[in-house]
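**Student:**
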Amino acid sequence: MKFLQLGLITIIITSLGLGNCNPIKKSDPFSDNLLLLLLLNSFATARELDCTFSSSGTDSLYDDQWHLQNYGQLGGTTGEDARVKPVWDQGYSGNQVIVSVVDDGLDIRHEDLAANISISTRGLNLFNNTFNPSHSYTNSFHGSAVGGVIGATGGNGMGVRGAAPCSKLVGVNILEKSTIFTSDEYRAMVNESGRVFISNNSWGSPDLYGWLWPSSSLWQQGINEGVSLGRGGKGTVYFWAAGNGANGGTVASPTLVDNANFDGQANYYGVMAIGGIGQNGMKASYSESGANLWVVAHTQGNNASAYTTAISTTDASGGFGFNAGGTGGDYVFSNYTRRFNGTSSATPLAAGVAALLLSKYPEFTWRDVRELIAYSARQNDAFDSDWTTNAAGLKINHKYGFGAIDAEQLFVRANTWTPISASFKTEAMNTVSPGTSIPDNDLVTGANVSYPVTSSITYVEFVDVEFTSNHTYFPELRITVTSPSGTVSVLTELHACRNPLNNSGCTSGNTSIATMTGSSTYRFGLTRLLGENPNGSWNIRVYDGGVGDTGSIQSIRLRIYGR
1 MKFLQLGLIT IIITSLGLGN CNPIKKSDPF SDNLLLLLLL NSFATARELD CTFSSSGTDS
61 LYDDQWHLQN YGQLGGTTGE DARVKPVWDQ GYSGNQVIVS VVDDGLDIRH EDLAANISIS
121 TRGLNLFNNT FNPSHSYTNS FHGSAVGGVI GATGGNGMGV RGAAPCSKLV GVNILEKSTI
181 FTSDEYRAMV NESGRVFISN NSWGSPDLYG WLWPSSSLWQ QGINEGVSLG RGGKGTVYFW
241 AAGNGANGGT VASPTLVDNA NFDGQANYYG VMAIGGIGQN GMKASYSESG ANLWVVAHTQ
301 GNNASAYTTA ISTTDASGGF GFNAGGTGGD YVFSNYTRRF NGTSSATPLA AGVAALLLSK
361 YPEFTWRDVR ELIAYSARQN DAFDSDWTTN AAGLKINHKY GFGAIDAEQL FVRANTWTPI
421 SASFKTEAMN TVSPGTSIPD NDLVTGANVS YPVTSSITYV EFVDVEFTSN HTYFPELRIT
481 VTSPSGTVSV LTELHACRNP LNNSGCTSGN TSIATMTGSS TYRFGLTRLL GENPNGSWNI
541 RVYDGGVGDT GSIQSIRLRI YGR
């Protein structure tokens, strides 16, 4: 079973399919085998056509796209946007950058997408085993909305424009499958990775359950291959939606449910987890916090009823898609929607900004892109109490990661950037098995474990924390990690929990780490320590915030990535 985040809506994809939907008709010209064969024969030698774009060009719905240029037109804070226009004005718009949209399909015939569909890179449809990534179901739209945020054609006098309006898109349809196998996940991550610069993934583990969801070893292998071998060895850059489960929906108190670190894909070293902020620069209530967040990008904020504050983008065209034409306050013309939201829309905005960067600096590796985004991020919501500074001088926040992605500052930083030349190292530290009991119902003292690190790595790029416990009710635990430099990271907090098998409340004994993951160990990810030296004494502290359930810290192991 796999779940798909559609904005704030979570659709459970089961063996029952996606509902009463009609597949593409046989008469569809893009289902014609001969045409597909001709297209495939051109892939091996084709070069993407250069695109000419001027930010002064017209797109009929551009004024609604406050996330690209916010001058308060819809009541938001002036300047609270992705700051892409100054980059467009320098002449950079994503030319020759290929972005993979891994989703529920991509409408390659859409009037505002067709010109930016890659001609050198094959799409992949894991639903019907073809190279045509288009949607098969009439109610599928998500991938086309994502694609529009990244690379809708700009200045063509119609519709919307993407953050990188000259980037080239390649679709991977994985989410229309009723059963997604780990082999599908692997294929989706490595499809055409030799050509793909950026992979956008606005999907992930289920929201609003408060459970820990591991990533498969095959999916991890795909990411590992993508960052090490993709793009001629420079690495594919993977973006991942942080998730929309933070506010708990209708779950009883405590309302906090999901943390981005509960998703074993969003907290993996090879991806950047992206959270969401609204047009006032503040966290959208649903956007999941986490010590694994990289940055945040703009999406619909906390006024869920005012879709003017959501994201305007492409919808699947014609009778397909989300917008039936004027329903729910949407556009009358059904090829577009003004109601796209969630971290699903924030993630492609960040991916589009990265495409701008790589159109000027195609030689940058995936590590260069990640660090440049972190070092250039803007401190949004500056008065939030969680902001602190790590030992490398980076502003960090569990809600916002390193801050809001900022295309203008990204280019400023890139102008003086020295590409990372040091080899990427991974070192697994020794396992510590303290067997320390976690005091019951104690949020003051907790259980403490000191963890010594001696490593050849002196500059942290990412840290895994592998934590093993036999505690019988994981949702009542709070776990913190303190680095040798004194940076504190919260891995998990007290939270509500639902059983995904029957949608009931969780009960004691069935929500231990062992039950949640199939083993007693779970891996958390840390981005907040970027640039710090990992050598010295670490501190892991575990608190229990409930009565009755008990357990101990059985083992801890750190895996450090860096140089």
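Per full-length UniProt numbering, the sequence shown starts with residue 1, numbered consecutively. Where a beta carbon is used, it is the ideal one built from N, C-alpha and C, also for glycine.
Considering only residues of the segment 266-337, which uninterrupted beta strand (DSSP E) runs meet the minimum length of 3 residues and lie entirely inside it, listed in chain order?
**Tutor:** DSSP runs (the beta strand (DSSP E)) wholly in the segment 266-337: 271-277, 293-298, 311-314.
**Student:** For ASN502, count neighbouring C-beta atoms within 10 Å of its own C-beta (all shown protein chains included) and say buried if the count is 16 or more, exposed if not.
**Tutor:** A residue is called buried when at least 16 other Cβ atoms come within 10 angstroms of its Cβ; ASN502 does not meet this threshold and is exposed.
**Student:** Quick check: the Cα distance between ASN415 and THR389, rounded to an integer number of angstroms?
**Tutor:** 24 Å
**Student:** What are the boundary residues of the alpha helix (DSSP H) that includes LYS85?
**Tutor:** 85-89
**Student:** Let me know the secondary structure DSSP gives LEU126 once reduced to three states.
**Tutor:** For LEU126, the three-state secondary structure derived from DSSP is coil.
**Student:** Have a look at ASP368 and ARG378 and give me their C-alpha separation to the nearest angstrom.
**Tutor:** 18 Å
**Student:** If you draw a straight line from the C-alpha of LYS25 to the C-alpha of PHE322, how long is it?
**Tutor:** With a pLDDT of 31 at LYS25, under the threshold of 50, the predicted position of this residue should be treated as unreliable, though the coordinate-derived value follows. If you draw a straight line from the Cα of LYS25 to the Cα of PHE322, it comes to about 19 Å.
**Student:** Using 8 Å for Cβ pairs, my map puts GLU532 next to SER485. What's the rounded Cβ distance?
**Tutor:** 5 Å
**Student:** Could you tell me the distance, in whole angstroms, from the CA atom of ALA273 to the CA atom of THR436?
**Tutor:** The straight-line gap from Cα to Cα measures roughly 32 Å.
**Student:** Tell whether a beta-carbon distance below 7 Å holds between ARG83 and GLU408.
**Tutor:** Between ARG83 and GLU408, the C-beta spacing is below 7 Å.
**Student:** Is GLU288 near GLY243, with beta carbons less than 7 Å apart?
**Tutor:** yes
**Student:** In terms of residues, what are the limits of the alpha helix (DSSP H) holding GLU185?
**Tutor:** 182-190
**Student:** Would you call the segment 135-144 and the segment 312-331 in contact, with 3 or more CB pairs under 8 Å?
**Tutor:** yes
**Student:** Return yes when the Cβ of ASN116 is within less than 7 Å of the Cβ of LYS168, no when it is not.
**Tutor:** yes
**Student:** Take ALA428 and list the residues in its own chain whose beta-carbon comes closer than 6 Å to its own, dropping the five residues that flank it on each side.
**Tutor:** Once the five neighbours on either side are set aside, the close Cβ partners of ALA428 are ARG559.
**Student:** For the alpha helix (DSSP H) containing ASN224, name the first residue and the last one.
**Tutor:** 217-229
**Student:** What would DSSP say about LYS25, mapped onto helix, strand or coil?
**Tutor:** Bear in mind that a pLDDT of 31 at LYS25, under 50, signals an unreliable position, so the number given afterwards is only what the model happens to contain. In the structure shown, LYS25 sits in coil (DSSP, three-state: anything other than H, G, I, E or B).
**Student:** Decide if TYR71 is buried, meaning its Cβ has at least 16 other Cβ atoms within 10 Å, or exposed.
**Tutor:** exposed
**Student:** In the DSSP assignment, find the alpha helix (DSSP H) that holds PHE411 and state where it starts and stops.
**Tutor:** Residues 407-414.
**Student:** Hey, would you say ALA291 sits closer than 7 Å to ASN261, going by beta carbons?
**Tutor:** Yes. Within cutoff.
**Student:** Under 7 Å between the Cβ atoms of GLY562 and TYR459?
**Tutor:** yes
**Student:** Can you give the Cα-Cα distance for LEU212 and GLY401, rounded to whole angstroms?
**Tutor:** Computed Cα separation, rounded: 20 Å.
**Student:** Would a C-beta distance cut-off of 7 Å place GLY546 and GLU476 closer than the cut-off?
**Tutor:** yes
**Student:** Can you grab the Cα-Cα spacing for the pair THR550 / TYR92, in whole Å?
**Tutor:** 57 Å
**Student:** At what residue ranges does the UniProt domain "P/Homo B" (418-563) contain a whole run of the alpha helix (DSSP H), taking only runs of 4 or more?
**Tutor:** Complete alpha helix (DSSP H) runs here, min 4: 513-517.
**Student:** Could you tell me how far apart the beta carbons of ARG231 and GLY264 are, in whole angstroms, since I believe they sit closer than 8 Å?
**Tutor:** In this structure ARG231 does not touch GLY264 by the C-beta definition: roughly 25 Å separates them, more than the 8 Å allowed.
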